[in-house]
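Engineer: Sending over a structure as structure tokens; questions will come in a sec.
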Amino acid sequence: MSVYGDDAHKLIRDAKRTADSPALAPYRSDLVRNVLSEMQYLSASLREIVSAHDAAVTSAHNNNAPQPPAPPPLPSSDQQNQYQDQHHHQHQHRPQPERPTAETLRGLEIAANMHRLSLERSKRCLLAYGRHRVDRLVETVWELSGGAAAGMPAEARRALSVQEAEFASAYAALVSEYRGAFLDVDVGAALVPPGDLFVEVRVLKDCGEVQTESGAVRLVKNSQHYLRRTDVEPYITAGYLRHIE
1 MSVYGDDAHK
11 LIRDAKRTAD
21 SPALAPYRSD
31 LVRNVLSEMQ
41 YLSASLREIV
51 SAHDAAVTSA
61 HNNNAPQPPA
71 PPPLPSSDQQ
81 NQYQDQHHHQ
91 HQHRPQPERP
101 TAETLRGLEI
111 AANMHRLSLE
121 RSKRCLLAYG
131 RHRVDRLVET
141 VWELSGGAAA
151 GMPAEARRAL
161 SVQEAEFASA
171 YAALVSEYRG
181 AFLDVDVGAA
191 LVPPGDLFVE
201 VRVLKDCGEV
211 QTESGAVRLV
221 KNSQHYLRRT
231 DVEPYITAGY
241 LRHIE
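Residue 1 is where the sequence shown starts when you use full-length UniProt numbering, and the numbers rise one by one after that.
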């Protein structure tokens with residue numbers, strides 16, 4: 001049985017499960033849509049509960065208000081009896097407003113608080129999931145030395161949402177502009193210099209055709225290649241290739 005917050009919890013578990021993965025996991029658009037739909041439903045229900053609570057409080061206040069003074073007595077008992085007979089049938093079937101009890105108000109307050117807490121929890125989960133993926137994208141852009149838009153493997157690009165792909169391209173442009181200010185220093189290079197110019201790598205995931213200094217190379221899963229380190233280092237860092245020592 002599904003309860004409020006289940007899909008939001010799945011997003012957090014997915015982020016935690018893939019936190020140490022070398023490649024960014026596919027964007028869970030299905031879960032995100034479910035969480036947003038649930039939040040819209042909770043928000044509408046919360047508004048109805050608050051309106052019902054306000055109406056109950058107003059009704060209780062009106063029932064506790066002082067009653068208007070009684071009309072002056074009629075001149076005679078005969079006239080009084082005549083007046084009562086005329087208005088007896090008018091008032092005998094008039095429905096009396098039901099006075100809300102303290103339990104009713106308390107129940108509405110509890111329901112409103114539960115809906116509010118569910119909304120806040122789902123919102124925090126969505127923000128945490130989005131922040132996790134943005135942080136991973138930022139790391140990937142720097143690992144690719146600012147070439148996320150063009151250098152990211154096709155499989156990695158398919159794992160992104162439309163908004164994430166736009167962010168990666170825009171952030172890569174900012175990184176490239178920042179690196180361009182340092183003409184004599186490559187701020188995207190590794191802190192530890194490589195020992196060999198060429199490395200032997202095994203392809204863990206299909207990367208398609210990759211352009212290198214020596215020409216185009218097709219990186220097919222389980223194949224091995226001896227390539228220039230600078231050409232394949234971004235793919236090694238992203239987890240698509242493994243350096244064979």
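Glycine is no exception: its CB is placed at the ideal position from the N, C-alpha and C atoms.
Do S161 and S45 have their C-beta atoms closer together than 8 Å?
Structural biologist: Translated into the one-based positions of the sequence shown, residue 161 becomes position 161. Translated into the one-based positions of the sequence shown, residue 45 becomes position 45. Contact: no.
Engineer: Near V210, which residues of its chain fall below 6 Å by C-beta distance, leaving aside the five closest residues on each side in sequence?
Structural biologist: Taking the sequence shown and counting its residues from 1, one reaches residue 210 at position 210. Correct list, in chain order: V217, L219.
Engineer: Considering Cα atoms alone, identify which of G180, S37, E213, R121 is closest to R228.
Structural biologist: Within the sequence shown, numbered from 1, the residue matching residue 228 stands at position 228. Of G180, S37, E213, R121, the residue nearest in Cα terms is E213.
Engineer: Beta-carbon separation of G5 and R133 under 8 Å?
Structural biologist: Your numbering for residue 5 matches position 5 in the sequence shown. Your numbering for residue 133 matches position 133 in the sequence shown. Contact flag unset, no.
Engineer: When burial is assigned at 16 or more other CB atoms within 10 Å of the CB, is I244 buried or exposed?
Structural biologist: As a working mapping, residue 244 is identified with position 244 in the sequence shown. Exposed, because fewer than 16 other Cβ atoms sit within 10 Å of the Cβ of I244.
Engineer: For R94, which residues in the same chain have their Cβ closer than 7 Å to its Cβ, ignoring the five residues on either side in sequence?
Structural biologist: Numbered from its first residue, the sequence shown carries residue 94 at position 94. In this predicted model, R94 has a pLDDT of only 49, less than 50, meaning its place in the structure is not dependable enough to derive any value.
Engineer: Looking only at DSSP bridge pairs, what is G215 linked to?
Structural biologist: Taking the sequence shown and counting its residues from 1, the one referred to as residue 215 is at position 215. BP columns for G215 point to T212.
Engineer: Report all residues from its chain with a CB closer than 6 Å to the CB of V199; omit the five preceding and five following residues, and keep chain order.
Structural biologist: Looking up residue 199 in the sequence shown gives position 199. The answer, listed in chain order, is R229, H243.
Engineer: Classify R228 as helix, strand or coil using the three-state DSSP reduction.
Structural biologist: Translated into positions along the sequence shown, residue 228 becomes position 228. Here R228 sits in strand by DSSP.
Engineer: Look up H243 in the DSSP assignment and give the residues it is bridged to.
Structural biologist: The sequence position of residue 243 within the sequence shown is 243, counting from 1. DSSP lists V201 as partners of H243.
Engineer: Is it true that the CB of I12 sits closer than 8 Å to the CB of C125?
Structural biologist: Along the sequence shown, read from residue 1 onward, the residue named residue 125 stands at position 125. Along the sequence shown, read from residue 1 onward, the residue named residue 12 stands at position 12. Yes. Within cutoff.
Engineer: Would you call I110 buried or exposed, if buried means 16 or more other Cβ atoms sit within 10 Å of its Cβ?
Structural biologist: On the sequence shown, position 110 is the one that residue 110 refers to. Exposed, by the Cβ-count rule.
Engineer: Taking the continuous alpha helix (DSSP H) assigned at N222, which residues delimit it?
Structural biologist: Taking the first residue of the sequence shown as 1, we reach residue 222 at position 222. Note, N222: premise wrong, no alpha helix (DSSP H); not H, not E.
Engineer: Assuming contact is defined by CB atoms lying nearer than 8 Å, are H53 and L108 in contact in what I supplied?
Structural biologist: The sequence position of residue 53 within the sequence shown is 53, counting from 1. The sequence position of residue 108 within the sequence shown is 108, counting from 1. Contact flag set, yes.
Engineer: Between K10 and the rest of its own chain, which residues show a CB-CB distance below 8 Å, the 5 nearest in sequence each way excluded?
Structural biologist: Reading the sequence shown from its first residue, position 10 is the one you call residue 10. Same-chain partners within the cutoff: R28, L31.
Engineer: Keeping to the same chain, check which residues put their C-beta closer than 8 Å to that of I49; ignore five residues upstream and five downstream.
Structural biologist: What you label residue 49 is simply residue 49 of the sequence shown in a count that begins at 1. Cβ neighbours of I49 beyond the five flanking positions: L108, A111, A112, H115.
Engineer: Rounded to a whole number of angstroms, what is the C-alpha to C-alpha distance between A170 and F182?
Structural biologist: For the purposes of this step, residue 170 is taken as residue 170 along the sequence shown, with counting starting at 1. For the purposes of this step, residue 182 is taken as residue 182 along the sequence shown, with counting starting at 1. Rounded to the nearest angstrom, the two C-alpha atoms are 20 Å apart.
Engineer: Between the alpha carbons of E139 and S223, how many angstroms are there, rounded?
Structural biologist: The residue given as residue 139 occupies position 139 in the sequence shown. The residue given as residue 223 occupies position 223 in the sequence shown. Approximately 27 Å between the Cα atoms of the pair.
Engineer: Can you give me the C-alpha to C-alpha distance between R158 and L119, rounded to a whole angstrom?
Structural biologist: Against the sequence shown, residue 158 aligns to sequence position 158. Against the sequence shown, residue 119 aligns to sequence position 119. Roughly 30 Å between the two C-alpha positions.
Engineer: Take the Cβ of L42 as the centre, count every other Cβ of all protein chains shown within 10 Å, and call the residue buried at 16 or more, exposed below.
Structural biologist: If you number the sequence shown from 1, residue 42 lands on position 42. Under this definition L42 is a buried residue.
Engineer: By a C-beta neighbour count over all protein chains shown, 10 Å radius and 16 as the cutoff for buried, is A238 buried or exposed?
Structural biologist: Here residue 238 corresponds to residue number 238 of the sequence shown, with the count starting at 1. Classification of A238: buried, given that the 10 Å Cβ count is 16 or more.
Engineer: Can you tell me whether DSSP reads F182 as helix, strand or coil?
Structural biologist: As a working note, residue 182 is residue 182 in the sequence shown. It is coil, neither helix nor strand.
Engineer: As a quick exercise: from L197, D206, P153, E143, pick the residue whose alpha carbon is nearest that of S176.
Structural biologist: Here residue 176 refers to the residue found at position 176 when the sequence shown is read from its first residue. Nearest C-alpha to S176: E143.
Engineer: Where do the N-terminal and C-terminal ends of the alpha helix (DSSP H) with S122 fall, by residue?
Structural biologist: In the sequence shown, counting from the first residue as 1, residue 122 sits at position 122. Start and end: 102–143.
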